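Novice:
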Amino acid sequence: IPNTTQTSTNSSNNFEGANIRFRDADDKEIASNSSNLDDSIVTVDKASEYVSMGEPDVSFFGCDGEDDKTSADYYFDSYSHFGIHEEMLKDVVRTKTYQNVIYRNKFLFQNKVVLDMGAGTGILSLFCAKAGAAHVYAVDDGVMLPDEASLYLTAIEDAEYKDDKIEFCNNVYGFDMSCIKKQAMMEPLVDTVDQKQIVTNFHLLKTMDISKMVPGDASFTAPFKLIAERDDYIHAFVAYFDVSFTKCHKLMGFSTGPRSRPTHWKQTVLYLEDVLTICEGETIIGSMTV
11 IPNTTQTSTN
21 SSNNFEGANI
31 RFRDADDKEI
41 ASNSSNLDDS
51 IVTVDKASEY
61 VSMGEPDVSF
71 FGCDGEDDKT
81 SADYYFDSYS
91 HFGIHEEMLK
101 DVVRTKTYQN
111 VIYRNKFLFQ
121 NKVVLDMGAG
131 TGILSLFCAK
141 AGAAHVYAVD
151 DGVMLPDEAS
161 LYLTAIEDAE
171 YKDDKIEFCN
181 NVYGFDMSCI
191 KKQAMMEPLV
201 DTVDQKQIVT
211 NFHLLKTMDI
221 SKMVPGDASF
231 TAPFKLIAER
241 DDYIHAFVAY
251 FDVSFTKCHK
261 LMGFSTGPRS
271 RPTHWKQTVL
281 YLEDVLTICE
291 GETIIGSMTV
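Numbering (our numbering), first residue to last: 11 to 300.
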C-alpha cells in the first residue's frame with residue numbers, strides 16, 4: 011500500500027463522522043464466530059466520501075460468452091462470486107492480521123493517500139480510512155494504458171562508434187586490454203541511433219497484450235528476417251518498442267524507434283563480434299531470445 015503525497019491535513023479523525031464504528035483490533039481476541047469478525051456498522055453513502063470504489067468493467071473479464079478465456083479471465087471471474095469474499099472476510103488469520111498491522115501502525119496511513127489494489131468488499135480500505143488516511147482509492151480492475159507493446163529489430167552500420175567503445179581496448183596507453191572486449195560486447199548499449207545508420211528494414215519480433223501479460227510472457231524466442239536496403243556493413247542490431255492505446259476511440263500510441271522523435275528510452279544497440287558485409291536485397295535470418 012503506497013504512501014503518497016498528503017491531500018488533506020484534517021482527515022485523520024473525520025472518519026468518525028461517517029457513522030462508522032470500529033472496535034480496536036486486539037490480537038488476543040478470539041473470534042468464536044468468524045462471521046462476527048467486526049462489530050462495525052457502516053453507512054455506505056457516508057463511507058464513500060473517504061473510500062472511492064472502482065467499479066470493474068465486466069467486459070474486461072472476458073465474460074461475453076466466448077470460449078477463448080485466458081487464465082487471467084478465469085482468475086478475475088473467480089472473484090466475481092460472493093462465496094470467495096465471504097470466505098476471505100471469515101478468514102480471521104488473514105483479516106485480523108491486516109487489521110492489527112494497519113491500526114497499530116497508523117503513522118503509515120495518517121493523512122496519506124492509499125491505493126488498495128483488488129479491494130473486493132473494501133474491508134482493508136475501511137481499515138485504512140479508520141487509521142486516518144486522507145483518501146483511499148479501492149480498485150478491483152480497470153483499463154491499462156498503454157495496453158499493447160510491439161518489439162522491433164533492425165540492423166545498422168556503426169564502425170566509428172564501435173571503434174570508440176570497443177576497439178580501443180587493443181591499445182590502452184600501450185597495454186593490450188583486448189581481454190575485456192568480450193565483456194563489453196555482451197552488454198547492450200542504450201543510446202540514440204542516427205537514422206542514417208539504418209541498413210535494413212524493420213522486423214516485428216513480438217506484439218504483447220500488456221493488460222493480460224504474465225511474468226513469463228516477457229521471455230521468448232522469436233525468428234527474424236532483415237533485408238538490406240543498400241550496400242553496406244552491419245556492426246550491430248538495434249531493438250526498440252512501440253506502444254498503442256487500443257481502448258481509445260481513436261487509435262493512439264508512440265514509437266521509440268530511430269526514425270521517430272527521440273524519447274528517454276532511446277534504443278538498445280547489440281554489437282556483433284564480426285562485421286557483416288551485405289548487398290542491397292540480401293537477407294539476414296536469425297532468432298532473438300529475450
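Glycine residues also receive a C-beta, built at the ideal position from the N, C-alpha and C atoms. The model shown is predicted, which means the values in this text are computed figures rather than measured ones.
1) Applying the criterion that 16 or more other CB atoms from any shown protein chain within 10 Å of the CB defines a buried residue, is V209 buried or exposed?
2) With a Cβ-Cβ cutoff of 8 Å, do P268 and Y250 count as a contact?
3) May I ask you to report which of helix, strand or coil DSSP gives M223?
4) Using three-state DSSP, classify L261 as helix, strand or coil.
5) DSSP on I176, reduced to helix/strand/coil?
6) Name the DSSP beta bridge partners of A194, please?
7) Taking the continuous beta strand (DSSP E) assigned at I244, which residues delimit it?
8) Going by C-alpha distance, which of K235, A141 and L155 is nearest V253?
9) Rounded to the nearest angstrom, what separates V111 and K222 at their Cα positions?
10) Spell out a yes or no on whether the stretch 216-235 and the stretch 126-146 are touching, meaning 3 or more CB-CB pairs, one atom from each, closer than 8 Å.
11) Nearest to A165 by alpha carbon, out of L125, E158, V149 and L214?
12) Nearest to I294 by CA position, among F212, T266 and V279, is which residue?
13) For S90, which of helix, strand or coil comes out of DSSP?
14) Taking DSSP as the reference, what is the three-state secondary structure of L199?
Specialist: According to the data block:
1) The residue you call residue 209 lines up with position 199 of the sequence shown. Buried, by the Cβ-count rule.
2) In the sequence shown, counting from the first residue as 1, residue 268 sits at position 258. In the sequence shown, counting from the first residue as 1, residue 250 sits at position 240. Taking the C-beta atoms as reference points, Y250 is found nearer than 8 Å to P268.
3) Reading the sequence shown from its first residue, position 213 is the one you call residue 223. Under the three-state reduction of DSSP output, M223 falls in the coil class, being neither helix nor strand.
4) Counting from one through the sequence shown, the residue named residue 261 turns up at place 251. Coil at L261, not helix or strand.
5) Here residue 176 corresponds to residue number 166 of the sequence shown, with the count starting at 1. Coil.
6) If you number the sequence shown from 1, residue 194 lands on position 184. Bridge partners of A194: none, in fact.
7) Position 234 of the sequence shown, counted from the start, is the residue given in the question as residue 244. Looking at the DSSP string, the run of the beta strand (DSSP E) that includes I244 is D242 to F255.
8) Taking the sequence shown and counting its residues from 1, one reaches residue 253 at position 243. Ranking K235, A141 and L155 by CA distance to the CA of V253 puts L155 first.
9) What you label residue 111 is simply residue 101 of the sequence shown in a count that begins at 1. What you label residue 222 is simply residue 212 of the sequence shown in a count that begins at 1. V111 and K222 have their C-alpha atoms roughly 32 Å apart.
10) For the pair of segments examined, the stretch 216-235 was found not to touch the stretch 126-146: the number of CB pairs separated by less than 8 Å stays below three.
11) Counting from one through the sequence shown, the residue named residue 165 turns up at place 155. The residue with the shortest Cα to Cα distance from A165 is L214.
12) Residue 294 sits at position 284 when you count from the first residue of the sequence shown. For I294, the closest C-alpha among the options F212, T266 and V279 is that of F212.
13) The residue you call residue 90 lines up with position 80 of the sequence shown. In this structure, S90 counts as coil in the three-state DSSP scheme.
14) Taking the sequence shown and counting its residues from 1, the one referred to as residue 199 is at position 189. In the structure shown, the three-state DSSP call for L199 is strand.
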